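Numbering (our numbering), first residue to last: 4 to 149.
Some notes on the structure that comes next.
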Ligand SMILES: [Zn+2]
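This is how it looks when you write it as structure tokens:
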């Protein structure tokens, strides 16, 4: 979904709380959600930047790397992003200067004051995927006698 920031952008210091359930699926990225993604965000208009903090949670279907079975687990991602409407144009024009650090990527707010929340959620959930996906059965092998 598109998040409309028109009100937030009106005055520096404005804040907004967002709670949404996104019906999204990112199967092509190996992220098969089996429930809506619950998103809770706090946004602050910090002048040239909009700061976003929050969480995204969903149930996802993964394939166990040990036994090969599909299993469903909950996945939670911490979201901490920075957005700006005033990024210098690509190619080095005369934009308002913003300190850009490699590890601190600033995303662009579109000209119509919206940002693509689905894309934010997609990127953060993918980052939160475990490197090794192990199902509960393999994590806790039954220790019965025999
Ligand atoms: Zn397994």
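Cβ atoms here follow ideal geometry from the backbone N, Cα and C, with glycine treated the same way.
Predicted model only: the values in this text are computed from it and were never measured.
Delimiting residues of the alpha helix (DSSP H) encompassing residue i
| i | result |
| --- | --- |
| residue 123 | 120-131 |
| residue 81 | Counting along the chain, residue 81 falls outside any alpha helix (DSSP H), though it belongs to the beta strand (DSSP E) covering 73-87. |
| residue 142 | 139-142 |
Extent of the continuous beta strand (DSSP E) run through residue i
| i | result |
| --- | --- |
| residue 43 | 40-49 |
| residue 58 | 52-66 |
| residue 20 | 18-25 |
| residue 111 | 109-111 |
According to DSSP, residues forming a beta bridge with residue i
| i | result |
| --- | --- |
| residue 117 | 7 |
| residue 34 | 29 |
Open item on the list: Count Cβ pairs between the region 52-68 and the region 6-24 that sit closer than 8 Å; are there 3 or more?
Closed with: yes
Open item on the list: Across the region 70-84 and the region 118-135, are there enough close Cβ pairs to call them in contact, namely three or more that are closer than 8 Å?
Closed with: Contact holds: three or more Cβ-Cβ distances are below 8 Å.
Open item on the list: Check whether the region 105-121 and the region 15-27 are in contact - that is, three or more C-beta pairs closer than 8 Å.
Closed with: yes
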